[in-house]
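So for the sequence shown, full-length UniProt numbering puts the first residue at 1; every next one is plus one. All residues carry an ideal CB built from backbone N, CA and C; glycine is no exception. Have a look at the structure below, then the notes.
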Amino acid sequence: MTAPRGSEVRILHVIETLDVGGAEAVVANMVNQASPGFRADICCLMRSGPIAARIRPGVEIIEMGKAMQGNDYRLPFRLARVLRSRNIDIVQSHDWGTLLETVAAATLAGTTAIHMAHGPLNQYSPADRRTSLKRRIRRKAERLASLKLSRVIAVSDIVRRGLVEDVGIPAGKISLIHNGIDLSAAPPGDLAARRKELGLSPDDVLLVSVGRLAEIKNYGLLLDALARAATEVPTLKLVMVGDGPERSRLEARAARLGLSGRVHFLGARDDVRDWLALGHIFVLSSLYEGVSLALLEAMAAGLPAVVTRVGGNPEVVTDGECGLLVESGDADGFARALVTLAREGELRARMGRAARARMEAEFDLKKAVKQYEEIYLQCLRRAGD
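The structure is reproduced here in structure tokens:
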């Protein structure tokens, strides 16, 4: 996709932080893959973060310094000045925490606003589902703000349906674009060193999990399932790549289940691709997902996946073809799926090939970027009419 000759379309992506997370990684991918004629920068309402290291040189990262708690009523005015001073054509908010400030700033600056919904408005965790008056007021304001948007991008069909049914956004205003990944990424590094790091034997069947150690990921279920599956397949091992507030609790749970020598908590790593290359099965036990980038990357690496049947997971994993879907909360079912794939190497290989083929056909980042940029041009054409 190329912008009209003689012009440059300037896009500002607004997100709360660049901490490690799915939406943050999507933003990094979008700015890194911007086509000629499209200038994409990032505005963090709070602060930058580790994902900034993945962003190519030349992309500006603006930090607004918003506090974690409370409201900064001057923020929309400050953001509007950013939009005007940089002649931004499209401002794109990501996730619901940025919507109000972005729409207010866009209205003040006369800038076209787009929102990208990585998940539903009602969010995912018990803390986010609380029904305080303040929360209800903000949710009502977010619904009203959505009326000012030129376009809304949903990352999965279940998110799209939620935008229509829960938020009241007209279906014709929503574009469904699945997250994409870079299928031409560099090969993994020294796999022998990774095997040595964990003391893996050639007979071990390695499960790989990549994600933030947070309540929404429901890793307790994964550990329970592993404990049950390991009684039938003693060679099962698990590496958990990622960090987060649940780590100490999960480590304690693994110890109680007798999994201390079987589960390896690696923390946040830059060598995720190496662990995917070493792995045999990718596992995802989340209570909710929009479209998991970690799942896409694992399938692109040729791994079959065992995932919960929640959110956008069924849109990614075709059950029985490139992985196995398990009902949320079903530790026994998850364990049975692990045993099935651990015992059947030929089935794993066949599903792994199908997983890679599915990524090439449906989840290529280059295709997704072209779709984003076509939406930008359509919105600007309508704004100019």
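- The residue from His280, Leu325, Glu251 with its alpha-carbon nearest to that of arginine 343 is His280.
- For glutamate 101, same chain residues with a beta-carbon under 7 Å away, outside a window of 5 residues either side, are Leu45, Leu75, Pro76, Leu79 in chain order.
- Rounded to whole angstroms, the gap between the alpha carbons of leucine 278 and glutamate 63 is 37 Å.
- With a beta-carbon spacing of about 6 Å, serine 292 and leucine 284 fall inside the 8 Å limit used to define contacts.
- In this chain, cysteine 379 is not harboured by any beta strand (DSSP E); it is covered by the alpha helix (DSSP H) spanning 365-384.
- One alpha carbon belongs to alanine 25, the other to histidine 118, and they sit about 11 Å apart.
- The C-alpha of glutamate 232 is placed about 43 Å away from the C-alpha of threonine 17.
- Glycine 311 and serine 156 do touch by the CB rule: their CB atoms are close to 6 Å apart, below 8 Å.
- Taking 8 Å as the upper bound for CB-CB distance, valine 103 and leucine 133 are not in contact here, some 22 Å apart.
- Counting other Cβ atoms within 10 Å of its Cβ, aspartate 319 stays below 16 and is therefore classed as exposed.
- Taking a cut-off of 8 Å on C-beta distances, the region 240-257 touches the region 213-223, as three or more cross pairs fall below it.
- Following the DSSP letters along the chain, one finds methionine 240 inside the beta strand (DSSP E) bounded by residues 236-241.
- Contiguous alpha helix (DSSP H) elements confined to the region 255-313 occur at 272-278, 293-300, taking only those with 4 or more residues.
- Fewer than three Cβ pairs drawn from the region 251-265 and the region 169-188 lie within less than 8 Å of each other, which leaves the two stretches out of contact.
- With a cut-off of 8 Å on Cβ pairs, the region 261-273 is in contact with the region 180-198, counting three or more such pairs.
- DSSP places glycine 162 in the helix class (H, G or I) of the three-state scheme.
- By the C-beta density criterion, glutamate 289 is buried, having at least 16 other C-beta atoms within 10 angstroms.
- Contact between the region 105-120 and the region 33-42 is absent: fewer than three C-beta pairs spanning the two stretches fall below 8 Å.
- Its Cα nearest to that of leucine 380, the residue Ile88 stands out among Glu60, Ile88, Arg56, Gln69.
- When DSSP states are grouped into helix, strand and coil, isoleucine 11 belongs to the strand group.
- Take alanine 354, set aside five residues on each side of it, and the residues of its chain with a beta-carbon closer than 6 Å to its own are Glu321, Cys322, in chain order.
- Within the region 50-134, the complete beta strand (DSSP E) runs of at least 3 residues fall at 61-63, 90-94, 112-117.
- For alanine 192, the enclosing alpha helix (DSSP H) starts and ends at 191-198.
- Residue burial annotation: leucine 83 is buried, with at least 16 other C-beta atoms found within 10 angstroms of its C-beta.
- In terms of Cα proximity to aspartate 72, the closest of Pro57, Ala105, Gly49 is Ala105.
- The DSSP-derived three-state label of aspartate 224 is helix.
- Per the C-alpha coordinates, the member of Phe334, Glu346, Thr111, Val159 positioned closest to asparagine 179 is Val159.
- With fewer than 16 other Cβ atoms inside 10 Å of its own Cβ, proline 57 counts as exposed.
- In chain order, Leu183 place their CB closer than 7 Å to the CB of glutamate 360, counting only its own chain and leaving out the 5 sequence neighbours on each side.
- The three-state reading of DSSP puts valine 339 in helix, counting H, G and I together.
- Leucine 347: member of the alpha helix (DSSP H) spanning 345-362, first to last residue.
- Counting only residues of its own chain and dropping the five nearest sequence neighbours on each side, isoleucine 153 has a CB closer than 6 Å to the CB of Met116, Ser175, Ile177.
- About 5 Å separates the CB atoms of alanine 225 and alanine 331; that is less than 8 Å, so the two are in contact.
- In the DSSP secondary-structure assignment, isoleucine 174 is bridged to Val152.
- Sequence-distant Cβ neighbours of threonine 111 in its own chain, meaning closer than 6 Å and more than five residues away, are Leu83, Ile88, Val91.
- For alanine 40, the enclosing beta strand (DSSP E) starts and ends at 38-44.
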